[in-house]
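Visitor: For the sequence shown, my numbering assigns the number 1 to the initial residue and increments by one for each residue that follows.
Don't be surprised by glycine CBs; every beta carbon is placed ideally from N, CA and C.
Please see the structure below; I have some questions.
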Amino acid sequence: MSSTSDQDIRALVRDKYNGDTTADISADVGRLAAGEPLAYVIGWIPFLGLAIHLDSRPLIPRPETESWAETLVEKLQKRFGDRPFTLLDLCAGSGAIGLLVLARFPNTKVSFGELELPHIDLIKKNIEANGLDPSRAIIRRGNLLAPFVGERFDFIVTNPPYIPSGRTLDDTVLDYEPTIALFAGERGLDLIERIAREAPRHLNASGELWMECDIDNIEEARNLVLEGGAIRADIRTDQYGRPRTLVGYYA
1 MSSTSDQDIR ALVRDKYNGD TTADISADVG RLAAGEPLAY VIGWIPFLGL
51 AIHLDSRPLI PRPETESWAE TLVEKLQKRF GDRPFTLLDL CAGSGAIGLL
101 VLARFPNTKV SFGELELPHI DLIKKNIEAN GLDPSRAIIR RGNLLAPFVG
151 ERFDFIVTNP PYIPSGRTLD DTVLDYEPTI ALFAGERGLD LIERIAREAP
201 RHLNASGELW MECDIDNIEE ARNLVLEGGA IRADIRTDQY GRPRTLVGYY
251 A
């Protein structure tokens with residue numbers, strides 16, 4: 001059991017019950033006390049101005065992901081402005097990163113790749129819930145880049161599973177969030193290795209791969225991206241100063 005803070009209670013009442021202080025929140029408080037993450041109990045989480053619903057229990061978007069997603073948007077604005085471009089959100093989960101691009105760039109199309117069928121429906125819900133144009137979204141189910149044979153993008157962005165299988169995680173994460181979205185083999189690099197190898201075949205000239213990584217294996221991930229064909233790979237720090245995101249550049 002875990003303690004429930006006053007801050008969590010205020011957030012629960014505000015975000016799930018529209019500020020109704022007379023609402024019966026006893027069941028929700030029990031869920032929080034048992035260790036269930038606040039975002040799952042509320043049912044959605046804010047993400048850079050969007051409301052990301054979590055019905056299918058995808059990985060909960062973290063502040064670290066918000067940080068590099070915001071940097072990504074700045075880069076896309078500088079490079080493309082109002083011009084259309086193509087972007088793939090791989091291992092999309094809730095679709096948060098791709099949804100942000102859809103929201104900020106009304107002239108572009110975004111593809112979403114996701115393995116888990118319930119998350120496919122969730123991405124569709126999040127598009128509708130945020131008032132975005134579904135005709136600009138291409139959503140495909142499959143294993144990594146398999147659903148996009150023969151297709152190329154200007155950018156591929158991804159927050160894949162990257163935690164080594166032997167690492168101990170907090171119970172609130174391990175007991176509630178999907179292990180398939182967390183762990184990736186003994187070194188945490190099983191999916192990153194595949195993405196690094198396959199991404200060049202799916203990127204246009206001057207394309208970029210933006211990938212969230214584990215702070216402990218990001219140097220190894222960088223080597224894999226370079227071995228896979230990137231002409232350069234930069235490590236970017238998150239808002240806490242930790243090496244978190246890898247950006248691969250391709251000819």
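#1: Short of 7 Å in beta carbon distance, which residues of its chain neighbour V51, apart from the five on each side in sequence? Order them along the chain.
#2: Is it the case that the Cβ atoms of I156 and A199 are separated by a distance below 8 Å?
#3: Have a look at S94, V173, I60 and T158 and flag the residue whose alpha-carbon is nearest the alpha-carbon of H119.
#4: Under a CB-based cut-off of 8 Å, is D171 close to chain B?
#5: Got a sec? Which residues, its chain only, sit under 8 Å from R187 by beta carbon, not counting five neighbours each side?
#6: Name the DSSP beta bridge partners of A80, please?
#7: Bridge partners for F105 per DSSP, in chain order?
#8: Bridge partners of P237, per DSSP?
#9: Could you check what DSSP says for G248 in three-state terms: helix, strand or coil?
#10: So does the stretch 3–14 actually touch the stretch 22–36, counting three or more Cβ pairs closer than 8 Å?
#11: Does the stretch 59–77 come close enough to the stretch 89–104 that 3 or more CB-CB pairs lie under 8 Å?
#12: Once DSSP output is grouped into helix, strand and coil, what is the label at D15?
#13: On the criterion of 16 or more Cβ atoms from any shown chain inside 10 Å, does P161 qualify as buried, or is it exposed?
#14: Comparing alpha-carbon positions, which option in K109, L144, A146 and E114 lies nearest S134?
Guide: From the atom records:
#1: The amino acid at residue 51 is misidentified as Val; the sequence shows Ala. W44, A129 and N130.
#2: Their beta carbons are under 8 Å apart, which means I156 touches A199 by this criterion.
#3: When C-alpha distances from H119 are compared across S94, V173, I60 and T158, the shortest belongs to S94.
#4: The displayed structure is made up of one protein chain only, and chain B is not part of it.
#5: P164, N217 and E220, listed in sequence order.
#6: At residue 80 the sequence reads Phe, which differs from the Ala that was named. None, per the DSSP bridge assignment.
#7: Looking at the DSSP output, F105 shares a beta bridge with no other residue.
#8: It should be noted that the sequence gives Thr, not Pro, for residue 237. Answer is P243.
#9: Residue state, collapsed to three classes: strand.
#10: With the cut-off at 8 Å, the stretch 3–14 and the stretch 22–36 touch.
#11: Taking one beta carbon from each stretch, the stretch 89–104 and the stretch 59–77 have 3 or more pairs nearer than 8 Å; the two touch.
#12: Correct three-state label for D15: helix.
#13: The residue in question, P161, is buried, as its Cβ has 16 or more Cβ neighbours within 10 Å.
#14: The identity of residue 134 in the sequence shown is Pro, whereas the question assumes Ser. When each option's Cα is compared against that of P134, the closest is K109.
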